[in-house]
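Number 57 in our numbering belongs to position 57 of the sequence shown; there are no gaps in the numbering.
Don't be surprised by glycine CBs; every beta carbon is placed ideally from N, CA and C.
Everything on this sheet refers to the single structure shown next.
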Amino acid sequence: MAIAYLNGEWQAPEEAKISIFDRGFMFGDGVYEVMPIYWQQVFTLDEHLMRLRRSLDEIRITPPFSDDEWKKLFAEAIERSGEETAFLYLQVTRGIAATRDHAYPVGVKPTVLVTVTAAPMLERESVVPYRMVTKADFRWGRGDIKVVSLIANGLLKNEALDEGFDDAILIRDGLVTESTLSNLFIVKDGIIITPPESRYLLHGITREHIIGLARSANLPLEERSISEEELADADEIWISSTEHEAWPVGEVNGKIIGNGEGGVVWQSIDTLFQESKKKMLTDAER
Ligand code: PDD
Numbered sequence: 001m002a003i004a005y006l007n008g009e010w011q012a013p014e015e016a017k018i019s020i021f022d023r024g025f026m027f028g029d030g031v032y033e034v035m036p037i038y039w040q041q042v043f044t045l046d047e048h049l050m051r052l053r054r055s056l057d058e059i060r061i062t063p064p065f066s067d068d069e070w071k072k073l074f075a076e077a078i079e080r081s082g083e084e085t086a087f088l089y090l091q092v093t094r095g096i097a098a099t100r101d102h103a104y105p106v107g108v109k110p111t112v113l114v115t116v117t118a119a120p121m122l123e124r125e126s127v128v129p130y131r132m133v134t135k136a137d138f139r140w141g142r143g144d145i146k147v148v149s150l151i152a153n154g155l156l157k158n159e160a161l162d163e164g165f166d167d168a169i170l171i172r173d174g175l176v177t178e179s180t181l182s183n184l185f186i187v188k189d190g191i192i193i194t195p196p197e198s199r200y201l202l203h204g205i206t207r208e209h210i211i212g213l214a215r216s217a218n219l220p221l222e223e224r225s226i227s228e229e230e231l232a233d234a235d236e237i238w239i240s241s242t243e244h245e246a247w248p249v250g251e252v253n254g255k256i257i258g259n260g261e262g263g264v265v266w267q268s269i270d271t272l273f274q275e276s277k278k279k280m281l282t283d284a285e286r
């Protein structure tokens, strides 16, 4: 059952209402997180909380809760929802100001929204490689902050969809940044390569988790810039996000990547990923 927590009240998500003067509504003035829930537990919880703290700090909102308080709140949300496999969505906005003013209001309480909604566990059989198109990354210069204003990401994604693709790979100054809602990896001659953290891309938790998995399995991995030419010449391409885990790209700009089915390195990473999820379950049972 989907459940929402809004500023201290538990409700069905469709019942939850915010003020028209909420700065999240008026200005997109807020940050968010999307966290995967497997077997009733938040996966990579500490990493998500760390990124949340950083996002809040970057947009100068004092965290409304401590990490322990967040954890208690999430546990209650999961318990109330009763879902085994789900997404936890968290949004914190600057709060409600009496008038529309670009200047930050003083002394307002941030708005806190948490929802838990069911999502089926990803099965390898349901993973169909994406057909992607490259597009100029015209988003703002702080893609590292997970802000709720996603207008450019939405425009780029929908341009790609309208053109018959699944999503867009974004290029800034000749270099790959990420996709509209995921990070990007390529494989060339057995080496996994992903763009380094910068202000132009989100520091994805799934990206970080995959880097850790690859490093502990001694798979060669480089965090460095990827040019448009290297992208076109890659042996494998995959994207990563909470929703996609590691997801293969079969085609870019009409060119088939590898055999178009997702390559052997992607398969190894996916296997490691699935094992790391199951390990969370066994650790919790201890
Ligand atoms: N998307 N890059 C962008 C622009 C994203 O919006 C996301 C996440 C990622 C991957 O981050 P993570 O691995 O932490 O999920 C990269 C979320 C899930 C969304 O907006 O729904």
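| query | result |
| --- | --- |
| Inter-residue spacing [alpha-carbon to alpha-carbon] between Val112 and Glu58 | 17 Å |
| contact_flag[the stretch 93-106, the stretch 126-142] where n(CB pairs < 8 Å) is 3 or more | no |
| Runs of beta strand (DSSP E) lying entirely within the stretch 160-185, each at least 3 residues, in chain order | 167-172, 175-179 |
| beta-carbon Glu197 near the ligand PDD non-hydrogen atom, thresh 8 Å | no |
| Coil, strand or helix - Glu206 by DSSP | The question names Glu, but residue 206 is Thr in the sequence shown. Helix, per DSSP. |
| Arg224: CB within 8 Å of a non-hydrogen atom of the ligand PDD | no |
| Integer-rounded CB distance, given that Gly263 should sit under 8 Å from Val147 | The pair is not a contact, with the Cβ atoms about 34 Å apart (cut-off 8 Å). |
| DSSP beta-bridge partners of Met121 | Met121 is not bridged to any residue. |
| Beta carbon of Gly141 nearer than 9 Å to that of Tyr104 | no |
| Start-to-end residues for the alpha helix (DSSP H) that takes in Thr271 | 264-285 |
| Collapsed DSSP secondary structure at Pro13 in the structure displayed | helix |
| C-alpha distance - Asn259 paired with Met50, whole-angstrom precision | 38 Å |
| Alpha-carbon spacing of Arg80 relative to Glu228, whole angstroms | 47 Å |
| Helix, strand or coil at Gly260 according to DSSP, with G and I counted as helix | coil |
| Beta bridge counterpart(s) of Arg131 as assigned by DSSP | Glu251 |
| Test item: CB-CB of Ile145 and Val34 under 9 Å | no |
| Where the beta strand (DSSP E) containing Gly28 begins and where it ends | No beta strand (DSSP E) contains Gly28, which DSSP labels as neither H nor E. |
| Ser126 burial status per 10 Å Cβ neighbour count (16 or more: buried) | exposed |
| Coil, strand or helix - Glu33 by DSSP | strand |
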